[in-house]
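Below is one structure, written out as structure tokens; comments come after it.
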Amino acid sequence: MSQTTTIPQHTLDHYNAHYNNQTYRALSEALASALGLDERVTQLETYDERHNQIMNLLIDASMELVGAEFYAGAGQRLGNALGTLDDHTSTLVKLASDHLDNFATGERPWKIREQIAHMATLALAELARRALVRTLDHAALLPGWQGTAPYYWLLACTQIIRSAEIVLQGDPSADYLVEKFGKALEMLGTGTGEIVHYGNPHPVIRQFHERLTAQDKEGCHVSR
416 MSQTTTIPQH TLDHYNAHYN NQTYRALSEA LASALGLDER VTQLETYDER
466 HNQIMNLLID ASMELVGAEF YAGAGQRLGN ALGTLDDHTS TLVKLASDHL
516 DNFATGERPW KIREQIAHMA TLALAELARR ALVRTLDHAA LLPGWQGTAP
566 YYWLLACTQI IRSAEIVLQG DPSADYLVEK FGKALEMLGT GTGEIVHYGN
616 PHPVIRQFHE RLTAQDKEGC HVSR
């Protein structure tokens with residue numbers, strides 16, 4: 416946290432009144448373990464840049480929740496950071512949410528919990544996308560349409576999740592969203608095409624494929 420002089424005193428008082436050192440330390444210790452650090456970093460005896468960065472984001476997100484406009488978007492940045500910690504993300508998101516929930520007070524606590532849910536959803540969406548990407552290396556080795564169809568569908572899922580992240584991040588680039596979602600539809604069509612061309616598809620699968628490829632052709636026609 417920096418430039419605290421820009422924050423009204425009543426906002427700082429609100430933060431200090433609801434800060435919980437127990438939940439803060441719980442995340443700090445779990446984060447240190449996730450990063451392969453020993454407990455000295457949680458006691459400020461040693462310094463680790465990534466640990467310090469994420470813990471500062473937790474403080475900034477807390478300040479955002481109590482109304483410090485200077486820290487607007489901090490919860491999103493925290494979600495982005497936690498989403499990259501793979502196997503540890505779910506636990507760290509839970510601990511971060513527990514700490515941030517201390518600040519869900521006042522007349523509209525549900526609005527603060529919506530912000531916390533936004534952070535958690537963004538982090539867990541990135542966790543899901545990264546997990547799916549890791550499956551692709553294995554799925555690519557599977558033979559025949561029984562392997563290629565799931566491969567393309569899993570690839571489509573990564574693009575759909577990325578589309579969701581773009582919306583959650585408030586990305587102003589509509590073209591980027593169209594690109595990612597368009598790729599998802601293309602991969603869904605390619606996967607069903609593998610079954611249609613090489614398998615013995617159920618009529619509904621064939622129908623899905625026709626609809627997907629018709630949309631793709633229509634999109635290509637419009638873009639010319």
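Using the numbering used here, you'd call the opening residue of the sequence shown number 416 and step up by one each time. Every residue, glycine too, gets a C-beta built ideally from N, C-alpha and C. Since we're looking at a predicted model, the values are computed, not measured.
Please look up how many angstroms separate the CB atoms of residue i and residue j, rounded, as I've assumed it's under 8 Å.
i           : j           : result
residue 531 : residue 510 : Not a contact, Cβ separation roughly 12 Å.
residue 581 : residue 591 : 6 Å
residue 535 : residue 574 : Actually they are not in contact, since the Cβ atoms of residue 535 and residue 574 sit about 22 Å apart, beyond 8 Å.
residue 606 : residue 571 : 7 Å
Among the options, which residue has its Cα nearest to the Cα of residue i?
i           : options            : result
residue 484 : 557, 423, 573      : 423
residue 566 : 609, 444, 490, 457 : 609
residue 435 : 559, 544, 603, 474 : 474
residue 438 : 506, 499, 500      : 506
residue 440 : 563, 459, 432, 430 : 459
residue 541 : 568, 499, 562      : 499
residue 601 : 619, 623, 587      : 623
residue 544 : 463, 502, 619      : 502
residue 433 : 564, 478, 421      : 478
Can you find the residues in the same chain that come closer than 7 Å, C-beta to C-beta, to residue i, ignoring five residues on each side of it along the sequence?
i           : result
residue 527 : 480, 518, 519
residue 455 : 461
residue 555 : 566
residue 466 : 446, 447, 450, 452, 456
residue 443 : 457, 470
residue 639 : Annotation note: pLDDT 29 at residue 639 (below 50); position unreliable, no value reported.
residue 512 : 531, 535
residue 563 : 609
Quick check on the DSSP output: the alpha helix (DSSP H) that includes residue i runs from which residue to which?
i           : result
residue 610 : 589-613
residue 575 : 559-583
residue 468 : 464-480
residue 444 : 436-449
residue 508 : 504-515
residue 548 : 524-554
residue 490 : 489-497
residue 424 : 424-433
Residues in the same chain with beta-carbon distance under 8 Å from residue i, minus the five sequence neighbours each way, listed in chain order, please.
i           : result
residue 617 : none
residue 491 : 533, 534, 537, 583, 584, 585
residue 548 : 573
residue 419 : Only weak support is given to the placement of residue 419: the predicted model assigns it a pLDDT of 45, under 50, and the value that follows is read from those uncertain coordinates. Excluding sequence neighbours, residue 419 sits near 427.
residue 356 : Lying outside 416 to 639, the shown extent of the chain, residue 356 is not represented and no answer is given.
residue 504 : 497, 498, 538, 539, 541, 542
residue 550 : 569
Skipping 5 residues on each side, what residues in its chain have a beta carbon closer than 6 Å to that of residue i?
i           : result
residue 637 : A caution first: residue 637 carries a pLDDT of 33, below 50, which makes its placement in the model too unreliable to give a value.
residue 621 : 611
residue 594 : none
residue 429 : 481
residue 524 : none
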